[in-house]
Amino acid sequence: MSSSLFLPKMIKIGEGALLEVGEVAQHFQATHVFIVIGSLLKNGPIRDQLDECIRKQGLKATYFSNFSGEPTTEHLQDALLSIDECKADCIVAIGGGSVIDLAKAVSMFAFHQHVSLDDITQLKKITRLPLIAVPTTAGTGSEATKITVITDVESKVKKNPGHPDLVPDAAILDARLTVSLPKHLTAYTGLDALAHAMEAYVSRLATPLSDFYALHAMSLIGESLESAYHNGEDLKAREKMLLASCYAGIAFSNASTNLAHATARPLGARFDIPHGLSVALTLPFVIEFGLESGKERYANAAKALGINKEGTDEQLAKALLQMVKEYNAIFHIWADGYKYFEGENIEAVLPTLIKDALSGNGIATNQKIPKAHDIEGIYREMFLEIQKHN
1 MSSSLFLPKM IKIGEGALLE VGEVAQHFQA THVFIVIGSL LKNGPIRDQL
51 DECIRKQGLK ATYFSNFSGE PTTEHLQDAL LSIDECKADC IVAIGGGSVI
101 DLAKAVSMFA FHQHVSLDDI TQLKKITRLP LIAVPTTAGT GSEATKITVI
151 TDVESKVKKN PGHPDLVPDA AILDARLTVS LPKHLTAYTG LDALAHAMEA
201 YVSRLATPLS DFYALHAMSL IGESLESAYH NGEDLKAREK MLLASCYAGI
251 AFSNASTNLA HATARPLGAR FDIPHGLSVA LTLPFVIEFG LESGKERYAN
301 AAKALGINKE GTDEQLAKAL LQMVKEYNAI FHIWADGYKY FEGENIEAVL
351 PTLIKDALSG NGIATNQKIP KAHDIEGIYR EMFLEIQKHN
């Protein structure tokens, strides 16, 4: 069976690459760019730099920042009304994965107004506006993926449809944009990138092409995540993490995530937990669940991350599990998770979490297919570990 790989047409990386946004937009024959930008970035030096480089290229610009948190169907409708008014012909997304996900949906629904999120995977071809993605976090890899994550405000379910035509046309990776990212967000997004790469590598849909990017992403993360966390001004570490995030995005976009993301999404939707944190909370227990069936792949992942240990595949796989647990301890993941569950009736919501996890993407691609009781076990172990650290 043949393998295929979908990724952006253009990837630029380097300090100051943000200033090339105008030139890239012109490459896609833009005259008026619709800039979807995080609310914290809409006023400040990034906005000033954008204004300057867009003005130099003689382009018009309309900014949209009327949203916060992870994107919802309401945010999408607001953005579509705004782009319809300004008649922009290119979209630039500057921010974290939530911003880029929203921009993807806007680029498509500007042309397909009567299509639902659930219909996306059934479309043979998607016509959309050119899309340039500029990540300000190193984690989601959304700048290189075919997936958009939008929460339906009515059902409170995170929809994550994918289609090859949703991959952004260009990704611009500028490490300077991640330097001001707080330590806890550096950790959340970095562990999300790790989960993307690891899950893509152990996925049933993994190919030699996706493996290449997954293993390189893990290697870069092993070299740079702790440095980026402890010293946010380390531009080399920041750039490595940006590249790792992009590589991991390419890997999972083509091979799929699996159980860690399937169990994390309901947590984010029900408790408003940042995506990277929710994935970090579930990942150790998902690895533990699939350790025996995927030990050879987990052993290779351990080597890619730089675990210098001799032993059998099982021993290396267990060393990987221990490393992920140590990351969660170093980055205060358990304590941060506790804040979102404190005072919640976990027993009451557990059946819904299990149902939502089983109904989402990532179950069938897991090496070991989980049943409802397996999902319950993962959640119970996670809640128990969180309680231990508080």
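The sequence shown begins at 1 in UniProt numbering and counts up one residue at a time.
From the three backbone atoms N, C-alpha and C, an ideal C-beta is built for every residue, glycine too.
According to the Cβ coordinates, are residue i and residue j closer than 8 angstroms?
i	j	result
alanine 255	alanine 206	yes
isoleucine 132	aspartate 101	no
phenylalanine 64	phenylalanine 111	no
leucine 235	methionine 218	no
leucine 123	histidine 163	yes
threonine 186	alanine 228	yes
alanine 372	asparagine 328	no
residue 403	alanine 357	This structure leaves residue 403 out entirely; the chain is present only between 1 and 390.
glutamate 15	alanine 175	yes
alanine 244	leucine 267	no
threonine 178	threonine 145	no
Span of the beta strand (DSSP E) holding residue i?
i	result
proline 135	131 to 135
isoleucine 34	Note on identity: in this sequence residue 34 is phenylalanine, with isoleucine being the wrong assignment. Unbroken beta strand (DSSP E) run through phenylalanine 34: 32 to 37.
isoleucine 91	90 to 95
phenylalanine 64	60 to 64
valine 157	157 to 159
lysine 12	10 to 13
For residue i, which three-state DSSP category applies?
i	result
leucine 173	strand
isoleucine 273	coil
lysine 146	coil
threonine 352	helix
threonine 127	coil
Whole angstroms is fine: what's the gap from residue i's alpha carbon to residue j's?
i	j	result
asparagine 308	glutamate 85	57 angstroms
cysteine 246	histidine 216	11 angstroms
leucine 209	alanine 299	19 angstroms
alanine 214	alanine 200	7 angstroms
leucine 81	leucine 316	53 angstroms
residue 392	glutamine 387	The shown model of the chain, from 1 to 390, leaves out residue 392, and the question about it has no answer.
lysine 104	valine 286	29 angstroms
residue 393	lysine 339	Residue 393 lies beyond the residue range present for the chain, which begins at 1 and ends at 390; the question has no answer from this structure.
glutamine 113	histidine 32	21 angstroms
With residue i as the anchor, note down where its alpha helix (DSSP H) starts and where it stops.
i	result
lysine 388	372 to 388
alanine 255	235 to 255
serine 224	208 to 230
phenylalanine 67	Here phenylalanine 67 belongs to no alpha helix (DSSP H), and DSSP marks it neither H nor E.
Considering only C-alpha positions, which residue in the set the options is nearest to residue i?
i	options	result
alanine 301	Val202, Thr365, Glu292, Pro274	Val202
aspartate 119	Gly96, Thr148, Ala260	Thr148
phenylalanine 289	Lys9, Ser39, Ile363	Ile363
tyrosine 188	Asp234, Thr140, Leu220, Val157	Thr140
leucine 353	Val157, Val99, His75, Leu117	Val157
asparagine 366	Leu259, Leu5, Gln29, Tyr229	Leu259
arginine 128	Pro168, Thr145, Val99	Pro168
valine 24	Cys53, Glu15, Lys42	Cys53
lysine 60	Ala88, Gly69, Glu15	Ala88
alanine 79	Arg55, Gln57, Met108	Met108
glycine 69	Phe271, Leu173, Phe285	Phe271
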